[in-house]
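Protein chains in written order, with the numbering used here: chain A, -11 to 124; chain B, -11 to 124.
Backbone N, C-alpha and C define an ideal beta-carbon position, used for all residues, glycine too.
Quick notes on the structure that follows.
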DNA sequence: AATTTTACTTGCAAAACGAAAGTAAAATTA
DNA sequence: TAATTTTACTTTCGTTTTGCAAGTAAAATT
């Protein structure tokens, strides 16, 4: 099987998103922690600055990975959701999680190691379950 | 199947690497373009600044994803290689490539689209082939 | 009506970035 | 062997980004 790229592969085009740690953290929290609001993102243990969080949410929205909306009875709180394009990023984040679990495992709880082992066994099943959770 | 994380998943620990676009470009060029030297990395179309390239190569070495060596008969040119830890990052870069190909395809050559379709059909086979290339 | 919450904005010092020029060791060329 | 070129950086400095901390206005709660 010959995998040969004749021109630059398009990875560089996505680097404004995945080459930014705060954007990745937001996507992680949306995908794996079910977070939806500015306050929830702000409360992550990594302590993102509020001006940076604002900036990254705007960038993710402008590049079509998330949308910003409101609940019908609440004009104040923004609700952020992943778009289809954003949900399609799940395999990337899943592989990042698995890589981290394997290579940075001195920082990983035993509980998370077990979950990662289950995911490793059947990535497709995991992604299917997560997709259906996020599609709500 | 219940995938439930009881504590923070370890993604944030890896963000110094994958949350940096220049590091990702270097890893891409090593994995998919077979690049090994400072000059080759420097010649990528994204035009990384030489002081930044130096900095990122040092960071990747210090975090154990690449090694820096020389050829036996050449004391001048540095040869960079992926470590096992670095090669394990292949699935992440593969998913990034597939995501880019799907969502940024107006920038993607027809040739690369065909290659991406082949990869999508059998990711495991692709990763196996690439691993054996890189393990040399 | 008063207070709290939410999602920001602002000011500013520090850090990072990146263009461009320079440098020294090592290789190549004449 | 001397001159030139190549390689992998380092340095300078202006610009941009980051991030802390305080402030703000609209909306919700008390």
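Contact residues of the region 4 to 20 of chain A toward chain B are 4, 6, 7, 8, 9, 10, 11, 12, 13, 16, 20 (C-beta to C-beta distance below 9 angstroms).
One alpha carbon belongs to residue 58(A), the other to residue 29(A), and they sit about 16 angstroms apart.
At the C-beta level, residue 44(A) and residue 75(A) stay beyond 9 angstroms of one another.
Its Cα nearest to that of residue 26(B), the residue 64(B) stands out among 64(B), 53(B), 4(B). Around residue 58(A), no beta-carbon contact reaches into chain B at under 8 angstroms, the shortest distance being about 26 angstroms. The beta carbon of residue 82(B) sits closer than 9 angstroms to some beta carbon of chain A. Per DSSP, residue 6(B) has no beta bridge partner at all.
Closest in C-alpha terms to residue 17(B), from the list 3(B), 7(B), 41(B), comes 41(B). The Cβ atoms of residue 115(A) and residue 82(A) sit closer than 9 angstroms to each other. In the three-state reduction of the DSSP assignment, residue 90(A) falls in the helix class, which pools H, G and I. Under the criterion of beta carbons closer than 8 angstroms, residue 14(B) and residue 70(B) do not qualify as touching, at roughly 10 angstroms. Distance between residue 92(A) and residue 2(B), taken at the CA atoms: about 8 angstroms. Residue 29(B) is outside the set of residues whose beta carbon lies under 9 angstroms from a beta carbon in chain A. The beta-carbon of residue 86(A) is placed less than 9 angstroms from the nearest beta-carbon of chain B. Rounded to whole angstroms, the gap between the alpha carbons of residue 80(B) and residue 117(A) is 20 angstroms. Using a CB distance cut-off of 9 angstroms, residue 92(B) counts as an interface residue toward chain A.
For residue -9(A), the residues of chain B that pass the 8 angstroms Cβ criterion are 103, 106, 107, 114, 117, 118, in the order they occur in the chain. By the beta-carbon neighbour count (other beta carbons within 10 angstroms, threshold 16), residue 67(A) is exposed. If you draw a straight line from the Cα of residue 122(A) to the Cα of residue 51(A), it is about 19 angstroms long. Per DSSP, residue 27(B) lies in no beta strand (DSSP E) segment; the continuous alpha helix (DSSP H) that holds it begins and ends at 26 to 30.
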